[in-house]
Amino acid sequence: GAPLLGKATGQLATYDPDFDLERPSMQRHLYKVCTDGYRLKTEDMLIAWDRCWMRLFRDWHIRRGGELFPMRQGFTERVRRFAREYIMEGGAPAEDSMWFDENGRVKATSFTFFTTMSRYSASAQTILRCKSSWDEYTELINRKARMSVEAWHTSSLWQRAEAEQSIVGSTIETMVVSVFCGFMGALVSTRDVCLATLVVCSVGGVIISLAWFMVVIMQWKIGAMEVLGLIVFVGYGITYSLHVAQKYGDHVP
Numbered sequence: 001g002a003p004l005l006g007k008a009t010g011q012l013a014t015y016d017p018d019f020d021l022e023r024p025s026m027q028r029h030l031y032k033v034c035t036d037g038y039r040l041k042t043e044d045m046l047i048a049w050d051r052c053w054m055r056l057f058r059d060w061h062i063r064r065g066g067e068l069f070p071m072r073q074g075f076t077e078r079v080r081r082f083a084r085e086y087i088m089e090g091g092a093p094a095e096d097s098m099w100f101d102e103n104g105r106v107k108a109t110s111f112t113f114f115t116t117m118s119r120y121s122a123s124a125q126t127i128l129r130c131k132s133s134w135d136e137y138t139e140l141i142n143r144k145a146r147m148s149v150e151a152w153h154t155s156s157l158w159q160r161a162e163a164e165q166s167i168v169g170s171t172i173e174t175m176v177v178s179v180f181c182g183f184m185g186a187l188v189s190t191r192d193v194c195l196a197t198l199v200v201c202s203v204g205g206v207i208i209s210l211a212w213f214m215v216v217i218m219q220w221k222i223g224a225m226e227v228l229g230l231i232v233f234v235g236y237g238i239t240y241s242l243h244v245a246q247k248y249g250d251h252v253p
């Protein structure tokens with residue numbers, strides 16, 4: 001990957017030399033990827049529609065009097081014309097899904113699948129369950145390829161769900177660290193173990209009450225925003241309790 005600081009060195013990505021769409025077997029393989037030829041557990045993959053140009057290319061090619069698909073000759077010229085002319089659903093040009101070399105041959109490609117999941121309201125569990133189905137599907141089509149060329153899938157939802165799962169999964173540890181840091185800060189400020197303990201207990205009571213309000217009254221699902229809200233509230237909540245405890249400690253004879 002790219003370094004955090006400084007300029008990237010070396011070649012970060014290269015085209016796979018074994019990817020050759022002139023071969024009918026490769027055309028057939030990608031066509032099956034676009035259809036139900038390899039698909040398993042379609043309902044778990046939550047596919048709504050797709051921009052799978054190989055399926056569209058086959059139909060376009062046959063409608064224009066082309067030979068039966070897959071093509072044995074003239075694929076490069078035909079697919080370049082298709083890429084220039086064809087507009088897929090949603091207004092996306094077909095050429096946006098292909099990468100050509102200096103000779104006009106397709107060196108890499110991508111297929112876009114749209115799911116029925118909401119980008120904003122889908123839970124991390126639902127997203128990760130869908131990702132698991134796509135993992136299985138990708139492994140299947142890579143086995144069926146019978147060549148070194150491999151497909152991989154990506155989505156911004158996968159990253160969001162994994163980050164949310166990590167945040168929620170570490171809630172207890174994070175809360176313990178936050179409360180401990182608050183206790184140490186109160187202890188240093190007041191120089192009194194009892195007052196520091198009272199500050200932490202006060203903040204803990206507020207946090208528990210807030211969590212109860214979110215889960216029981218509002219019936220919110222515990223996600224990344226809720227967890228971050230609780231953690232941040234520890235920092236804000238301890239400030240006022242610490243001021244009261246510090247003033248109390250200053251006036252104790």
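Note that full-length UniProt numbering has the sequence shown beginning at 1, numbered continuously upward.
All residues carry an ideal CB built from backbone N, CA and C; glycine is no exception.
Just so it is clear, the structure is predicted and the values come from calculations on it, not from any experiment.
Where the alpha helix (DSSP H) through residue 53 begins and ends: Here residue 53 refers to the residue found at position 53 of the sequence shown. 53-63 is the extent of the alpha helix (DSSP H) around residue 53.
Straight-line Cα distance separating residue 218 from residue 244: Start at 1 with the first residue of the sequence shown, and residue 244 comes out as number 244. Start at 1 with the first residue of the sequence shown, and residue 218 comes out as number 218. Taking the straight line joining both Cα atoms gives about 31 Å.
Start-to-end residues for the beta strand (DSSP E) that takes in residue 220: Translated into positions along the sequence shown, residue 220 becomes position 220. Looking at the DSSP string, residue 220 is not in any beta strand (DSSP E), and its letter there is neither H nor E.
Beta-carbon gap between residue 115 and residue 46 smaller than 8 Å: Within the sequence shown, numbered from 1, the residue matching residue 115 stands at position 115. Within the sequence shown, numbered from 1, the residue matching residue 46 stands at position 46. Yes; because the gap between Cβ atoms is below 8 Å, this pair is in contact.
Inter-residue spacing [alpha-carbon to alpha-carbon] between residue 20 and residue 69: By one-based count along the sequence shown, residue 20 stands at place 20. By one-based count along the sequence shown, residue 69 stands at place 69. Cα-Cα distance, rounded: 16 Å.
Residue 237, buried or exposed, once every other Cβ within 10 Å from all chains shown has been counted against 16: By 1-based counting over the sequence shown, the position of residue 237 is 237. Answer is buried; the Cβ neighbour count reaches 16.
Separation of residue 213 from residue 191, as counted between CA atoms: Indexing the sequence shown from 1 puts residue 191 at position 191. Indexing the sequence shown from 1 puts residue 213 at position 213. Going from the Cα of residue 191 to the Cα of residue 213 covers about 34 Å.
Sequence-distant residues of its chain with Cβ nearer than 7 Å to residue 126 (five each side left out): On the sequence shown, position 126 is the one that residue 126 refers to. Excluding residues within five positions, the ones whose Cβ falls inside 7 Å are 117.
Separation of residue 93 from residue 103, as counted between CA atoms: Numbered from its first residue, the sequence shown carries residue 103 at position 103. Numbered from its first residue, the sequence shown carries residue 93 at position 93. Straight-line Cα distance between these residues: approximately 20 Å.
Sub-8 Å separation of residue 26 and residue 56 beta-carbons: Numbered from its first residue, the sequence shown carries residue 26 at position 26. Numbered from its first residue, the sequence shown carries residue 56 at position 56. No, the pair does not count as a contact, with Cβ atoms beyond the cut-off.
Three or more C-beta pairs below 8 Å linking the stretch 162-178 and the stretch 135-148: no
Cβ-based burial, residue 132 [other Cβ within 10 Å; buried from 16]: Numbered from its first residue, the sequence shown carries residue 132 at position 132. The residue in question, residue 132, is exposed, as its Cβ has fewer than 16 Cβ neighbours within 10 Å.
Contact between the stretch 63-82 and the stretch 94-113 (3+ Cβ pairs under 8 Å): yes
Length of the line joining the Cα atoms of residue 203 and residue 229: Stepping through the sequence shown from its first residue, residue 203 is reached at position 203. Stepping through the sequence shown from its first residue, residue 229 is reached at position 229. Using only the alpha carbons, I get a separation of about 14 Å.
Whole-angstrom C-beta distance between residue 18 and residue 266, which should lie under 8 Å: Outside the modelled stretch of the chain, which goes from 1 to 253, sits residue 266, for which no answer is possible.
Residue environment, residue 71, which counts as buried when at least 16 other CB atoms sit within 10 Å: Along the sequence shown, one-based indexing puts residue 71 at 71. Buried, by the Cβ-count rule.
Residue from 221, 201, 80, 220 whose Cα sits closest to the Cα of residue 234: On the sequence shown, residue 234 is found 234 positions in, with the first residue counted as 1. Residue 201 is the option with its Cα nearest to residue 234.
Beta-carbon proximity of residue 51 to residue 91, cut-off 8 Å: Walking along the sequence shown from the start, residue 51 turns up at place 51. Walking along the sequence shown from the start, residue 91 turns up at place 91. Against a cut-off of 8 Å, the Cβ pair of residue 91 and residue 51 comes out as no contact.
Neighbour-count burial assignment, residue 199, 16 or more Cβ in a 10 Å radius: Here the question's residue 199 lines up with position 199 in the sequence shown. Buried is the call here.
Short Cβ contact (8 Å threshold) for residue 216 with residue 168: What you label residue 216 is simply residue 216 of the sequence shown in a count that begins at 1. What you label residue 168 is simply residue 168 of the sequence shown in a count that begins at 1. Going by C-beta atoms, residue 216 is not nearer than 8 Å to residue 168.
Whole-angstrom distance between residue 231 and residue 178, CA atom to CA atom: As a first step, residue 178 must be located in the sequence shown, where it is residue number 178. As a first step, residue 231 must be located in the sequence shown, where it is residue number 231. Straight-line Cα distance between these residues: approximately 7 Å.
Coarse secondary structure for residue 70, derived from DSSP in three states: As a working note, residue 70 is residue 70 in the sequence shown. If DSSP states are grouped into helix, strand and coil, residue 70 belongs with coil.
C-beta neighbour in chain C for residue 127, strict 8 Å: The structure shown contains no chain C, having only a single protein chain.
Length of the line joining the Cα atoms of residue 164 and residue 153: Position 164 of the sequence shown, counted from the first residue, corresponds to residue 164. Position 153 of the sequence shown, counted from the first residue, corresponds to residue 153. So the two alpha carbons sit approximately 20 Å from each other.
Cut-off 7 Å between Cβ atoms - residues of its own chain near residue 48, not counting five sequence neighbours on either side: Numbered from 1 along the sequence shown, position 48 holds the residue referred to as residue 48. Cβ neighbours of residue 48 beyond the five flanking positions: 114, 115, 116.
Cβ separation of residue 149 and residue 16, assumed to be a contact under 8 Å, to the nearest whole Å: The sequence position of residue 149 within the sequence shown is 149, counting from 1. The sequence position of residue 16 within the sequence shown is 16, counting from 1. Going by Cβ atoms, the distance from residue 149 to residue 16 rounds to 5 Å, so yes, they are a contact pair.
Beta-carbon proximity check, residue 81 vs residue 95, cutoff 8 Å: In the sequence shown, residue 81 corresponds to position 81, counting from 1. In the sequence shown, residue 95 corresponds to position 95, counting from 1. No, Cβ-Cβ distance for residue 81 and residue 95 is not below 8 Å.
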